[in-house]
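For reference, each letter of the sequence shown is one residue, going 50 to 347 in this note's numbering.
Just so it is clear, CB atoms sit at the ideal spot from N, CA and C, and this is done for glycine as well.
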Amino acid sequence: MKTLPMSQKDMETESKKVLMILALSVLYGGITNWFIIPYHLYSGGILGMVQLLRSLITEITGVQPPFDYAGLLYYLVNIPILIIVQRMMGRRYFVKTAICISAQSLSMALIPIPAAPLIDDTLAACLLGGILRGVTIGLCLRFGSNDGGMDLVGIILINKDRKVTVGQLGLIVNIILYVVLAVHYDLTTAVYSMISSAMMSYALDRFYSQGINVEMHIITRENPLKLEQAITSQLRRSATTWQGTGIYAGQPVHILYVVMNKYEVHALRRLIRSLDPGAFIIENAGVKVMGHFEKHLS
C-alpha cells in the first residue's frame, strides 16, 4: 500500500499552515520580549532554564549584549534534540517543528525589547503575556508543529521507554527553576513567573490539549500478530482488531484500532515501519475517551 502523492490542494493547505506557523512563532517571540523580559520574568520548562542561564552569565561576565540571546541558547539546546527525534517524526511534522523552533528563537533574539515596560502593572503583564503566548503556541500545535523543549523530550522518552514521564520531568525542571529564582533573586520574581507560565498552560490547553488522544486505524495485508504483540509489549497498549476486504484488490486485510497519547504516536509509526512498511495508517487527533484509559504521560 503506497502513500499517495499530495494533491495540489493539499500542497496549498500545507503551505498555508507553514506560513501560519511562521507568523505565530514570530509573534510568540515578540510577546515574550514585550511582556516577559522587561519585567524580569522567566518562562517555564527548558526555555525558562536557558533564560536563567543567560541571566547568570550576564551577572558573572558583566557583559550585556544589545539583544536577548536566550532565544539563541534555546535554539542550540533544541538542535541535538531535533537530530535525535527526526527519524521518529513524519517528514512534514519535522519540517514544521524545525520552522517553529527556528522562528521562535530568532524572533526572541531580533525583536527589540522595550526600554520601559509597556504596562505598569506586573501582574497584568504576566497574565496577558501568558495568555497570548499560550494562544500562539496552541495554534502552532494545531497546525501540526512542535514548539520544542519538553514536547521533543517527550518523544524521546516514550521511544526509549523511560520510567519517568514527560509530566514528571517537566515538574522537576520547573521546581528547580522556581526554587533558584526564589533563592537567587526573590520570591516575587518566582511567583510572577509561575503565574505567567500557569496562564500560558491554561490558554494553550484551550487550543490544543497537552493530554490529547489520538485514534489510529492500521490496515495491513500482513499477519498482524507481530504488530499486536509489539503494541502490547513495547507501548503497553491494547488494540481492537477485525477482518476486512480491500474492494480495489479484492484481497483480505486486517484492521487494528488503537487509541493512545499523542507522544506515543511516533513510537507506533516506527513499529509499523519496521514490521510492515506498506501498512495504511489513518490518524485522528483530539478524540475523547471514556472508561479505563491510561494516559501514560500525564
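Under the DSSP definition of a beta bridge, GLN300 partners with GLY295.
Secondary structure note for PHE84: its alpha helix (DSSP H) is the uninterrupted segment 57-84. As DSSP reads the structure, TYR306 sits in a beta bridge with HIS266, THR289.
Fully enclosed alpha helix (DSSP H) runs of no fewer than 4 residues occupy 119-134, 140-159, 171-191 of the region 115-195, in order along the chain. Here SER154 is buried: its Cβ has 16 or more other Cβ atoms, across all protein chains shown, within 10 Å. A direct Cα-to-Cα measurement between GLY197 and GLY94 gives close to 10 Å.
Checking the DSSP bridge columns, you'll see GLU332 partnered with MET265. Rounded to whole angstroms, the gap between the alpha carbons of ARG182 and MET98 is 17 Å. The alpha-carbon separation between GLN100 and GLY120 amounts to approximately 8 Å. Secondary structure of PRO326 (DSSP, three-state): coil. Taking C-beta separations shorter than 7 Å and ignoring five residues to either side along the sequence, the partners of VAL126 in its chain run ILE95, VAL99, following chain order.
For GLN113, no alpha helix (DSSP H) run applies, since DSSP gives it neither H nor E.
ILE109 and LEU220 have their C-alpha atoms some 28 Å from each other.
In the structure shown, the three-state DSSP call for MET98 is helix. Between the region 259-276 and the region 315-322 there are three or more C-beta pairs closer than 8 Å, enough to call the two in contact. Contact between THR290 and GLU277 is confirmed by a C-beta separation of about 7 Å, below the 8 Å threshold. The three-state secondary structure of MET339, taken from DSSP, is coil. Taking one beta carbon from each stretch, the region 163-170 and the region 234-253 have fewer than 3 pairs nearer than 8 Å; the two do not touch. If the five residues before and after ASP169 are omitted, its C-beta is found closer than 7 Å to no C-beta atom of its own chain. Following the DSSP letters along the chain, one finds SER246 inside the alpha helix (DSSP H) bounded by residues 236-256. Within the same chain, MET248, ALA252 come within 6 Å of ILE180 by CB-CB distance, once the 5 residues on both sides are set aside. The Cβ atoms of VAL308 and ILE280 do not sit closer than 8 Å to each other. The beta-carbon distance between ALA334 and LYS311, rounded to whole angstroms, is 7 Å. This is short enough to meet the 8 Å contact definition. Listed in chain order, the non-local C-beta contacts of THR171 below 7 Å within the same chain comprise TYR88, TYR241, local neighbours out to five positions each way being set aside.
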